[in-house]
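Peer 1: The structure that follows is given in the form of structure tokens.
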Amino acid sequence: MHDTMIRSPRAWALEQNDRRIVFAWGTEATMFAESRPFHVAQHRLPAWKAVLPIGGHAELRQPGRHLAAAPGLIVPPQLAHTCTATSPYTALFVDPWLLPSSPEPIRLEAGGVRRLLAALGTIDSDGPDTRVDLTAGYTELRTIAGRPSPLDPRVAHAVDLCTLRDPDMPITSIAIEVGLSAPRLRALVHQEVGITLTRLRRWSRLRTAIANLPDSTAAQAAATAGFADQAHLARTARDFIGRTPASLRRAEA
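As structure tokens, this is what we get:
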């Protein structure tokens, strides 16, 4: 078995046997790429997801709905679905307030997939490396999906505190900082973003845990990210991305 690891502060790449996976996390987007086809179980991600197969197509199935297949797909937040990429792929994740709301997935033609991959800096059949340009990828995604409406400044400050600057800060303290009661802040965030602050915080912690996976055990990554324990991390991963933390770092049997 051959393992090669490449790391930067919020990006890593792992090569193991015939599998290569790459993770990168930036201000505008998070990316996960894999050099082989993959299927994920039903999940509800509290973020936008662009599935960009390299040479194949994406398949999405919602409970009680017909299969949707296209060269690429943009999946809105909180949509319960299973997803398959029939070839190596790149998945780009964007926070819910960074694109305008949509009740249905957006189908991408092959040209749109190529433009997104080119913006990220990858047209190679094996996918991107850790030098991926997440800002350019998000800019191209916004060209396709549209510009979002600006958030209420109090909501923008609250989600920034909760997901980036101080993820351990109690919601009551965040509410005081933005001049609202905790119930009013929760209601305003749900109105403007469509997702609770608690769920947004768990998504931020999951990204942190995945960023730390190559350098630690799953239990250590869970603790560093603020999860109660490894089981809490595993439940969140299955709920949000439809796969376990272990599947993100080693070839499956």
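Numbering (our numbering), first residue to last: -7 to 245.
We put the beta carbon where it would ideally sit given N, CA and C, even for glycine.
(1) What residue range does the alpha helix (DSSP H) around H224 cover?
(2) In chain order, what residues of the same chain have a beta carbon less than 8 angstroms from the beta carbon of C154, not counting five sequence neighbours either side?
(3) If you count every other CB in all the chains shown that lies within 10 Å of the CB of L44, and 16 or more means buried, which is it?
(4) Out of A210, L240 and G47, state which residue places its alpha-carbon closest to the alpha-carbon of L109.
(5) Check this for me: beta carbons of E51 and A39, under 7 angstroms apart or not?
(6) Nearest CA to the CA of V105: which residue from D121, A77 and G186?
(7) Could you work out which residue in D125, D158 and H149 is closest to G171 when comparing CA atoms only?
(8) Starting from T74, trace the alpha helix (DSSP H) in both directions and tell me its first and last residue.
(9) Going by C-alpha to C-alpha distance, which of T216, Q8, R178 and I202 sits closest to D144?
(10) Runs of 3 residues minimum, wholly inside the segment 98 to 149: which ones carry the beta strand (DSSP E) assignment?
(11) Grouping DSSP H, G and I as helix and E and B as strand, with all else coil, what is P92?
(12) If you measure between the beta carbons of R28 and R11, is that distance less than 7 angstroms?
(13) Going by the beta-carbon positions, is the gap between T22 and R199 smaller than 7 angstroms?
(14) In the DSSP assignment, what residue or residues form a beta bridge with P45?
(15) Which ranges would you report for the alpha helix (DSSP H) in the segment 154 to 217 if only whole runs of at least 4 residues count?
(16) For the candidate residues V67, K41, A5 and L90, whose alpha-carbon lies nearest to that of E20?
Peer 2: Looking at the atomic coordinates:
(1) Note, H224: alpha helix (DSSP H), Q222 to I233.
(2) M161, I163, I166, L189, L192, R193 and S196
(3) buried
(4) G47
(5) no
(6) A77
(7) Across the set D125, D158 and H149, the C-alpha of H149 shows the shortest separation from the C-alpha of G171.
(8) No alpha helix (DSSP H) holds T74; the beta strand (DSSP E) holding it covers H73 to A77.
(9) R178
(10) Listed in chain order, the complete beta strand (DSSP E) runs (minimum 3 residues) inside the segment 98 to 149 are 98 to 100.
(11) coil
(12) yes
(13) yes
(14) Y81
(15) Correct list: 163 to 170, 174 to 185, 189 to 204 and 210 to 217.
(16) The alpha carbon of E20 has as its nearest neighbour, out of V67, K41, A5 and L90, the alpha carbon of L90.
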